[in-house]
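Take any residue in the sequence shown, note its place counting from 1, add 1161, and you have its number in our numbering. Everything below concerns the one structure shown next.
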Amino acid sequence: MVEVVKDRPWSELAVAMAAFSPDIFHFIGHGRNGSLDTFDVDEENMRSRCLISPAKLAHTLQSGSPRLRGVFLSGCQTAHWAPHLIPHDGWFLGTTRDIDDDSIAFLSDSFYEFLCDRREPRGAFDEAMERTAAGGFGELPSATMWMEELDHDEFLHNVFSRQAFRITTRHESSFGDFDDALRGVDSSVRFGRIALRETLGAARFVRCSGELDPSLVRGIRQRLAVVQADLRQLRSSFPRLVTDPGYWTRVPAADTDFLNHLGERIDRSRDFLLRFVNSHLPDDKQLPLIGAG
């Protein structure tokens, strides 16, 4: 059974879900940097556009349906916070970049067709991606699936498919979060697991099903240390950016070239790391570069 909820303010969604108690939540709309672009009503009962943060989404889903086993967010850039939105013993589907509406709609239809045909979620997703690749859409949608346990390639790909390796340094919204994310990547490859900040169930970690090769871990951590050192220099040279990322556009003209140089250096060191990771991933799991050149 499917229930479609549309043209309802976000604040009413949890109540609508509680009445239906779905086991899959599918959002069709727009996303931006991990948040959902939708609308709510203000104190005067007027519609207003709003961005629903991943933390707010997690709260809505937790209160909306205890039976939830799947979350599919088919807007652009919805997977940046992905691991923290996996239902317990379930799955999450989202996108890491901008997407074409037709290709993601085709992927969605195919995924549910295979899922209803009693495929396991991972198998249904893989088959849907294969069908979409043959569908003549050009570039595949940047869809990614998260579960509480991932195989080696999925784990490694997903660790680097998040915000800290998606956008150029000058477009970062929080340099404190950026630093935290880099330390989180280091911990993930060292221990083969990703700690969850928000959970839709009992699981506290996403785990790699097999041990990562020690030489691969060393190579990643060595290159990651360079990124962290570059970020430390930027933060120490321009400490105001830590509390005011928008300062990038207001920095004195005399400092602009140096700031841009530091930002581009971080982008280059991240791309150097991504190329190394890509050399250990199959073709269908290749990570896009930030584009520093």
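The C-beta atom is built at its ideal place from N, Cα and C for all residues, glycine as well.
- Secondary structure note for G1192: its beta strand (DSSP E) is the uninterrupted segment 1191-1193.
- S1348 is not a Cβ neighbour of E1310, given a cutoff of 8 Å.
- Within the model, the alpha-carbon separation for F1275 versus E1205 is close to 45 Å.
- One alpha carbon belongs to A1219, the other to M1207, and they sit about 25 Å apart.
- Listed in chain order, the non-local C-beta contacts of R1230 below 6 Å within the same chain comprise D1184, P1248, G1251, local neighbours out to five positions each way being set aside.
- Per the coordinates, the alpha-carbon of G1284 lies some 20 Å from the alpha-carbon of T1257.
- The region 1398-1406 makes no contact with the region 1430-1450, as fewer than three CB pairs between them are under 8 Å.
- Of all alpha-carbon atoms in F1437, C1211, D1445, the one lying nearest the alpha-carbon of I1381 is that of F1437.
- Of the residues assessed, F1419 falls on the exposed side of the cut-off, its CB having fewer than 16 other CB atoms within 10 angstroms.
- Counting C-beta atoms within 10 angstroms of its own C-beta, E1315 has 16 or more neighbours from the protein chains shown and is therefore classed as buried.
- Excluding its 5 nearest sequence neighbours in each direction, C1237 has C-beta neighbours in its own chain below 8 Å: H1191, G1192, R1193, T1256, R1258, D1259, I1260, listed in chain order.
- Around the CB of T1417, fewer than 16 other CB atoms lie within 10 Å, so the residue is classed as exposed.
- Every alpha helix (DSSP H) of 4 residues or more that sits fully in the region 1363-1419 is shown, in chain order, as 1375-1398, 1401-1404.
- Fewer than three Cβ pairs drawn from the region 1294-1309 and the region 1327-1335 lie within less than 8 Å of each other, which leaves the two stretches out of contact.
- If the five residues before and after D1263 are omitted, its C-beta is found closer than 8 Å to the C-beta atoms of F1298, all from its own chain and listed in chain order.
- Contact between V1346 and L1317 fails: their C-beta atoms lie close to 11 Å from each other, not under 8 Å.
- Fully enclosed beta strand (DSSP E) runs of no fewer than 3 residues occupy 1196-1202, 1208-1213 of the region 1196-1223, in order along the chain.
- In its chain, beyond the 5 residues on either side, W1409, G1424 have a beta carbon closer than 7 Å to the beta carbon of R1331.
- Non-local beta-carbon contacts of V1412 in its own chain, meaning distances under 8 Å to residues more than five positions away in sequence, involve F1399, L1420 in chain order.
- Per DSSP, the unbroken alpha helix (DSSP H) holding L1317 starts and ends at 1313-1320.
- By the 16-neighbour rule on beta-carbons within 10 angstroms, S1182 is exposed.
- Here G1407 is exposed, its C-beta having fewer than 16 other C-beta atoms within 10 Å.
- Contact between D1201 and P1170 holds, with the beta-carbon distance rounding to 5 Å and staying under 8 Å.
- The secondary-structure analysis by DSSP pairs E1310 across a beta bridge with R1368.
- Just measuring C-alpha positions, the residue of I1355, R1351, L1222, W1307 sitting nearest M1178 is L1222.
- Checking the DSSP bridge columns, you'll see I1185 partnered with G1231.
- When DSSP states are grouped into helix, strand and coil, R1354 belongs to the strand group.
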